[in-house]
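Here is the structure we will look at, set down as structure tokens.
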Amino acid sequence: MAEAGTQTGYLVTEKLVKRFDEAVAVDEVSLSIGKGEIFALLGSSGCGKSTLLRMLAGFEKPTSGRIMLGGQDVANMPPYDRPVNMMFQSYALFPHLNIWENVAFGLKREGLPKAEVQQRTDEMLGLVQLTPYAQRKPHQLSGGQQQRVALARSLAKRPKLLLLDEPLGALDKKLREQTQFELVNIIEKVGVTVVMVTHDQEEAMTMASRIAIMSKGRVLQVGTPEEIYEHPRNKFVADFIGNVNLFAGKLSVDEPDRCAASTGIGEVHVGHGVSGTLNMPVSIAVRPEKIEISKTRPEGVGFNLFQGKVKEIGYLGSYTTYILQASDGSKVRATEANTTRQDLSDITWEDEVYFWWDDKAAVVLRD
1 MAEAGTQTGY
11 LVTEKLVKRF
21 DEAVAVDEVS
31 LSIGKGEIFA
41 LLGSSGCGKS
51 TLLRMLAGFE
61 KPTSGRIMLG
71 GQDVANMPPY
81 DRPVNMMFQS
91 YALFPHLNIW
101 ENVAFGLKRE
111 GLPKAEVQQR
121 TDEMLGLVQL
131 TPYAQRKPHQ
141 LSGGQQQRVA
151 LARSLAKRPK
161 LLLLDEPLGA
171 LDKKLREQTQ
181 FELVNIIEKV
191 GVTVVMVTHD
201 QEEAMTMASR
211 IAIMSKGRVL
221 QVGTPEEIYE
231 HPRNKFVADF
241 IGNVNLFAGK
251 LSVDEPDRCA
261 ASTGIGEVHV
271 GHGVSGTLNM
281 PVSIAVRPEK
291 IEISKTRPEG
301 VGFNLFQGKV
311 KEIGYLGSYT
321 TYILQASDGS
331 KVRATEANTT
341 RQDLSDITWE
351 DEVYFWWDDK
361 AAVVLRD
């Protein structure tokens, strides 16, 4: 994860709206992004994130609202006049040009002096560690190397804002994970402000200093990856980022530093208040990795201790997922780190187990 930008308001959108006939693709989106920040727009297909990115690039004109970049309103400025570059998922490299020529292409089109084109292109190839490949054609490079060529070409023109559209979507999972950190390191060395669009939660949480969760054209929550994951504001955000157990119930206790709700599995206690009214409907969110399980009753656990039966076990290498059937028939997901070999575990299918979590591991979400 990149560090959060130290300045605020370098890129600002104010009540940005985009309509296509009667359909509202982007609905009054207001964001403030710091200089040098890597900011992610995260959401499912059709949520408006790509339309928002295209408005930042100048490919779509806003129906209403403002886009401020470095104090200048660029909402009605054509793309070629904006200090903005966009890197597409397909990379769009020219197959007939070698790597050096691909990176230099935009600089030549700007009519820069030959010496400056040479200096910037060489600098960018060095930055992405592809100098030895300068004379090769794109098809002679791996997917990860092609991605770095596209990044070098985007950075060569020294944009104030770099837009990334699903930057790692064309790579396989293992290469994608490796390239995430490489990409962040390169961007941080240059210091450019970045807005990236992705539907990949892991990619957003690894690369971005802050994330905006979008749904139906609106921004539902903005925060650091930790804030989004640990303190979601609603059920959509909680369920969209990672796995989560949601226990529906009614508020039974509400004090400044704690509360509780009556749910199908029993009374669930939470380590914060909600300033609500008793009997109001709520959902309690608990991440699977916060839940502990054991065949024997744990000592010293007063709250949030329940019983269930193991119905499914999924071994995923570094951790194991258990699907438990609670007393009310609902399914509860728990994950346990594999600190010992899986064949040494004493928990198997159809076992009766206890499961529990700390009250501070849960979050109350208003329905």
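Everything in the sequence shown is counted per our numbering, starting at 1 for the first residue and increasing by one. A virtual CB, placed ideally from N, CA and C, is assigned to each residue, including glycine. Note that the coordinates shown come from a computational prediction; the quantities given were computed from them, not determined experimentally.
Asked                                                                                                                                                            : Found
Using the Cα positions of residue 325 and residue 91, report the straight-line distance between them to the nearest angstrom.                                    : 47 Å
Alpha carbons only, please: which of 22, 20, 27, 23 is nearest the one belonging to residue 14?                                                                  : 27
Just checking my contact of residue 40 with residue 198 at CB under 8 Å: how many whole Å lie between their CB atoms?                                            : 6 Å
Comparing alpha-carbon positions, which option in 252, 322, 271, 249 lies nearest residue 258?                                                                   : 271
What separation, rounded to the nearest whole angstrom, lies between the Cα atoms of residue 75 and residue 65?                                                  : 8 Å
To which residues does DSSP link residue 137 through a beta bridge?                                                                                              : DSSP output for residue 137 lists no bridge partner at all.
With distances taken between CB atoms, is the gap from residue 98 to residue 134 smaller than 8 Å?                                                               : yes
Using DSSP with H/G/I as helix, E/B as strand and the rest coil, what is residue 143?                                                                            : helix
Is the beta carbon of residue 310 sitting closer than 8 Å to the one on residue 349?                                                                             : yes
Do you know whose CA, among 263, 107, 123, 155, lies nearest residue 306's CA?                                                                                   : 263
Under DSSP, the beta strand (DSSP E) around residue 254 begins and ends at which residues?                                                                       : 245–255
Per DSSP, what kind of secondary structure is residue 352 in: helix, strand or coil?                                                                             : strand
Whose C-beta lies closer than 7 Å to the C-beta of residue 330 among residues of the same chain, with five residues either side of it excluded?                  : 264, 265
Quick check for students: name the residue ranges of the beta strand (DSSP E) that lie wholly in the segment 15–88, counting only runs of 3 or more.             : 23–33, 38–42, 64–69, 84–87
How far does the alpha helix (DSSP H) with residue 179 in it extend, from its first residue to its last?                                                         : 173–190
For residue 365, write down the residues that DSSP places opposite it in a beta bridge.                                                                          : 283
Using a Cβ-Cβ cut-off of 8 Å (strictly less than) and excluding sequence neighbours within five positions of residue 4, which residues of its own chain qualify? : Low confidence applies here, because residue 4 scores a pLDDT of 49, under 50, leaving its location unreliable; read the following figure in that light. Excluding positions up to five away in sequence, the list reads 34, 37, 209, 210, 224.
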